[in-house]
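These protein sequences, in sequence, are chains A and B.
Going by this note's numbering, 220 is the number at position 158 of the first sequence; the sequence numbering is gapless.
Going by this note's numbering, 260 is the number at position 262 of the second sequence; the sequence numbering is gapless.
Every residue gets a Cβ at the ideal spot worked out from N, C-alpha and C, and that includes glycine.
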Amino acid sequence: MNYLMKAAMLAVAAGLAGCNGSTNTDPAPTSSVPALGEGALQGYANGDTVSGASIYTNKDGKGFVLLSADGDGAATVMHVVDGSKGRRVPVSANGMVTLTYDRTQAMALNALTSANAAGSYQALVGGKPALFTVAADGAISAGGSDCKLSGKVDFSATYGGAVALTLTASGCGGSVEGSYKGLVLASADTAPATLQLVGENGTAVLDVLAYR
Amino acid sequence: MPSFRFNSAARAIAVCGVFALPAAPASALNILLCNDDGITAANLRALKTKLAAAGHSVAVAAPIDNQSGRGGYIAFLTPVGGLTGKERGALALGLAAGAPGVGVDAGDADVSYVNGTPVAACLYGVDVLARKKWGGVPDLVISGPNEGNNTGAINASSGTFNNLVYMINRGLPAMAVSDAATTQVTWSTALPASHRAYEVAGIVVKLVDTLVANKAKAGGLLMPDGVGLNVNVPDFSAGAGAALPYRFTRIGKASSYLPAFYEKLSDSPLAVASGVNFPVPGISLAAGGTVLPSGVALPKDTAATSEDNVIATKTAVTISPVEGVPQARRAFEDAMKIKLNGIAQ
């Protein structure tokens, strides 16, 4: 594609975006979810391929719905939600997914602060051991393992007790390489792990348990 | 699966006008009852009576003797022997020494006994009895109600609970039910309708009714495949059973009955109270937190969600979902993978 063609397509795209008065560049929703208030819930989700649901919502109604096969296994599906609109990762082959919830109940997460989260961790990422540290400012730095995790925990962005995460995995195997956005949380349900780091990179979900 | 075969036959007879059999409700189930207290336990028979009255087709396969505490024991490749006549069921039913090791209560053709362990009897029910009676496996298996609660760590030693595990692993919807009352009550048709055994049975029937009513939800099965229920009924006052709420709990480790080895059984308060006041070695039971004469402290679980701790409050019937295999949770599995990384993938 030459430069002129690219420019023309961009112009058309910009024009279309302007037609509805929106400059929002967010991708179109691929899922519909019940809008929820701030908090952390767990329950049963209908409408998707897996049903064990953990739901984390911030004060603005934005958040994440993590779905796993049985509520205990690693999350394999994530809906990044804004009110009732969601973006499913990975994208469903069947098009739009509409979620409903059954038997949701409040989830008691362990308090997560820069003070108690800072420290050294080990985890399995793509089946490979990874050593990393979390600094008091939230910076995630890789340790001496071949599989390296780096990124940032944003303790100020809270989702019902979970906090925002950006994470990059490298040297951990092709299936998990990449940069992810999601959450860090601490829960008695995942003990003896201290932290759960879960995120999406647009095409896949990475769910890691970290141990001190 | 509902009893379509029975239903359609009953309806056909009714339509033909040969005689008017009441058609079983579409929600009727083929239910196998097992236990570890034996076929003449009042709890078992009261439940059979109540379930049958609710329209279900019910069969019993239970040990002829009280087999409490046998856990999941199975005597492999050992023929089932004849009765001695001294078994709890044999005494109650008047079965003489030499009677067959597998047989039927002469007073109720739907009650079969096995001279074996709880699991052996329950497997007989699934593999032989159910096929003969229904042409296939039961829609639901209920083990119990046991004479005494089965909670937390003691479940590993419970025949009632291990029946549940075996049935889950057979792919059958199943529940184990245990009542706080430990008194052995022998079944009799003269048992008044107000007897506790009927109240406990009513609690179970309400659970079954709810499972049937919600069968279409959460997967379209009576229970999700691979999962069953451990149900415990707390102590309650006469007449108060029907009003007890139900509460979801976790198995946990808390139990009023933790097995422990005593060098002298006479050092065990429970053994002494049971009349085994002898200075001989053996296994007895003690509560979590007990310090044994040897100095060993039995583990204590204080979690508010553990079924035994809820039962102790006498406020609710506890329901703990149970899986059939002791697979560690993901968090423990990953921790072990980290420890053994390098020698196992």
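Start-end ranges of the beta strand (DSSP E) lying completely within the segment 148 to 198 of chain B, minimum 3 residues: 172 to 177
When B:ALA310, B:GLY293 and B:ALA295 are compared against SER301 (chain B), the one with the closest alpha-carbon: Residue 301 (chain B) sits at position 303 when you count from the first residue of the second sequence. Reading off the sequence shown, one finds Ala at residue 301 (chain B), where the question assumed Ser. It is B:ALA310.
Candidates B:GLN343, B:LEU205, B:VAL117 and B:LYS48, of which the one nearest ALA191 (chain B) by Cα: Here residue 191 (chain B) is taken as the residue at index 193 of the second sequence, counted from 1. Considering only alpha carbons, the answer is B:LYS48.
8 Å Cβ cutoff met for GLY260 (chain A) and LEU128 (chain A): Here residue 260 (chain A) is taken as the residue at index 198 of the first sequence, counted from 1. Here residue 128 (chain A) is taken as the residue at index 66 of the first sequence, counted from 1. Rather than Gly, the amino acid found at residue 260 (chain A) in this sequence is Val. Going by C-beta atoms, VAL260 (chain A) is nearer than 8 Å to LEU128 (chain A).
Neighbour list for TYR273 (chain A) in chain B, Cβ cutoff strictly below 9 Å: As a position in the first sequence, residue 273 (chain A) is number 211, starting the count at 1. Neighbours of TYR273 (chain A) on chain B, chain order: ALA329, ASP332, ALA333 and ILE336.
Those runs of the beta strand (DSSP E) which lie wholly inside the segment 146 to 197 of chain A and span at least 3 residues: 147 to 151, 162 to 168, 181 to 187 and 190 to 196
Below-8 Å beta-carbon distance, ASN339 (chain B) vs any chain A residue: For the purposes of this step, residue 339 (chain B) is taken as residue 341 along the second sequence, with counting starting at 1. At least one chain A Cβ lies under 8 Å of ASN339 (chain B).
Interface residues of the segment 235 to 257 of chain A facing chain B [CB-CB below 7 Å]: THR252, ALA253, PRO254 and ALA255
Simplified DSSP assignment, three categories, for MET221 (chain B): Mapped onto the second sequence, residue 221 (chain B) falls at position 223. Reduced to three states, the DSSP call for MET221 (chain B) is coil.
Supposed close pair ALA154 (chain B), GLY69 (chain B) - CB separation, criterion 8 Å: Your numbering for residue 154 (chain B) matches position 156 in the second sequence. Your numbering for residue 69 (chain B) matches position 71 in the second sequence. Sure, about 6 Å apart at Cβ, within 8 Å.
THR208 (chain B) vs SER318 (chain B) beta-carbon contact at 8 Å: Residue mapping note: residue 208 (chain B) aligns to position 210 of the second sequence, counting from 1. Residue mapping note: residue 318 (chain B) aligns to position 320 of the second sequence, counting from 1. No, they are not a contact pair.
ASP177 (chain B) versus ALA170 (chain A) - alpha carbon distance: Here residue 177 (chain B) refers to the residue found at position 179 of the second sequence. Here residue 170 (chain A) refers to the residue found at position 108 of the first sequence. Rounded to whole angstroms, ASP177 (chain B) to ALA170 (chain A) spans 31 Å at the Cα level.
8 Å Cβ cutoff, GLY135 (chain A) in contact with chain B: Looking up residue 135 (chain A) in the first sequence gives position 73. Cβ-Cβ to chain B under 8 Å: yes for GLY135 (chain A).
Segment contact, 8 Å Cβ cut-off, at least three pairs: the segment 191 to 203 of chain B with the segment 249 to 261 of chain B: no
Segment contact flag, the segment 161 to 170 of chain B with the segment 212 to 231 of chain B, C-beta cutoff 8 Å, min 3 pairs: yes
Within-8 Å CB hit, PRO96 (chain A) to chain B: Reading the first sequence from its first residue, position 34 is the one you call residue 96 (chain A). Taking Cβ atoms only, chain B never reaches closer than 8 Å to PRO96 (chain A), which makes this a no.
Short CB-CB distance (under 8 Å) between GLN343 (chain B) and chain A: Here residue 343 (chain B) refers to the residue found at position 345 of the second sequence. Closer than 8 Å to some Cβ of chain A, the Cβ of GLN343 (chain B) qualifies, so yes.
Sequence-distant residues of its chain with Cβ nearer than 6 Å to ALA172 (chain B) (five each side left out): Residue 172 (chain B) sits at position 174 when you count from the first residue of the second sequence. Hits under 6 Å: VAL139, LEU162, MET165, ILE166 and GLY226.
Members of the segment 176 to 191 of chain A that neighbour chain B once the beta carbon cut-off is set at 9 Å: GLN184, ALA185, LEU186, GLY189, LYS190 and PRO191
Selected residue, minimal CA-CA separation from LYS214 (chain A), among A:LYS243, A:LYS190 and A:SER207: Locating residue 214 (chain A) in the first sequence gives position 152, counting from the first residue. With distances taken between Cα atoms, LYS214 (chain A) lies closest to A:LYS243.
Whole-number beta carbon distance between ASP216 (chain A) and ALA206 (chain A), since they are thought to touch under 8 Å: Start at 1 with the first residue of the first sequence, and residue 206 (chain A) comes out as number 144. Start at 1 with the first residue of the first sequence, and residue 216 (chain A) comes out as number 154. It is Gly, not Ala, that sits at residue 206 (chain A) in the sequence shown. Rounded, the Cβ-Cβ distance is 26 Å, inconsistent with contact.
Residue range of the alpha helix (DSSP H) that includes ARG86 (chain B): If you number the second sequence from 1, residue 86 (chain B) lands on position 88. Segment 86 to 91, the alpha helix (DSSP H) holding ARG86 (chain B).
Check whether ALA73 (chain B) and CYS32 (chain B) have beta carbons under 8 Å apart: Counting from 1 along the second sequence, the entry for residue 73 (chain B) is found at position 75. Counting from 1 along the second sequence, the entry for residue 32 (chain B) is found at position 34. No. Outside cutoff.
Cβ neighbours of GLU100 (chain A) in the same chain (closer than 7 Å, five flanking residues each side left out): Walking along the first sequence from the start, residue 100 (chain A) turns up at place 38. Around GLU100 (chain A): THR119, ASN120, LYS121 and GLY222.
For HIS141 (chain A), the residue or residues it bridges with in DSSP: Along the first sequence, one-based indexing puts residue 141 (chain A) at 79. Answer is A:VAL127 and A:ARG150.
Where LEU263 (chain B) sits in the DSSP three-state scheme: Position 265 of the second sequence holds residue 263 (chain B). In the structure shown, LEU263 (chain B) sits in a helix (DSSP, three-state: H, G or I).
Reference SER66 (chain B); option with closest CA among B:GLY146, B:VAL183 and B:PHE259: Mapped onto the second sequence, residue 66 (chain B) falls at position 68. Ranking B:GLY146, B:VAL183 and B:PHE259 by Cα distance to SER66 (chain B) puts B:GLY146 first.
is_contact[GLY99 (chain B), chain C] using C-beta, thresh 8 Å: No chain C is present in this structure, whose protein chains are A and B.
Inter-residue spacing [alpha-carbon to alpha-carbon] between THR187 (chain B) and ALA44 (chain B): Locating residue 187 (chain B) in the second sequence gives position 189, counting from the first residue. Locating residue 44 (chain B) in the second sequence gives position 46, counting from the first residue. Answer to the nearest angstrom: the Cα atoms are 9 Å apart.
ASN275 (chain B), buried or exposed, once every other Cβ within 10 Å from all chains shown has been counted against 16: Position 277 of the second sequence, counting from 1, holds the residue named residue 275 (chain B). Looking at its Cβ environment, which holds fewer than 16 other Cβ atoms inside 10 Å, ASN275 (chain B) is exposed.
Alpha-carbon to alpha-carbon, THR180 (chain B) and PRO98 (chain B): The sequence position of residue 98 (chain B) within the second sequence is 100, counting from 1. The sequence position of residue 180 (chain B) within the second sequence is 182, counting from 1. For PRO98 (chain B) and THR180 (chain B), the distance between alpha carbons rounds to 29 Å.
Residue interval of the alpha helix (DSSP H) (run including LEU30 (chain B)): Walking along the second sequence from the start, residue 30 (chain B) turns up at place 32. It is not in any alpha helix (DSSP H) - LEU30 (chain B) instead sits in the beta strand (DSSP E) that spans 28 to 32.
Helix, strand or coil at GLY261 (chain A) [DSSP, three-state]: Residue 261 (chain A) sits at position 199 when you count from the first residue of the first sequence. In the structure shown, GLY261 (chain A) sits in a strand (DSSP, three-state: E or B).
Contacting residues, own chain, Cβ-Cβ under 8 Å from TYR163 (chain A) (five flanking each side not counted): Stepping through the first sequence from its first residue, residue 163 (chain A) is reached at position 101. The residues are PRO96, LEU103, GLY105, TYR106, ALA107, ASN108, ALA115 and ILE117.
Own chain residues within Cβ distance below 6 Å of ASP34 (chain B), not counting five before or after: On the second sequence, residue 34 (chain B) is found 36 positions in, with the first residue counted as 1. Answer for ASP34 (chain B): GLN65, SER66, PRO116, GLY157 and THR158, listed in chain order.
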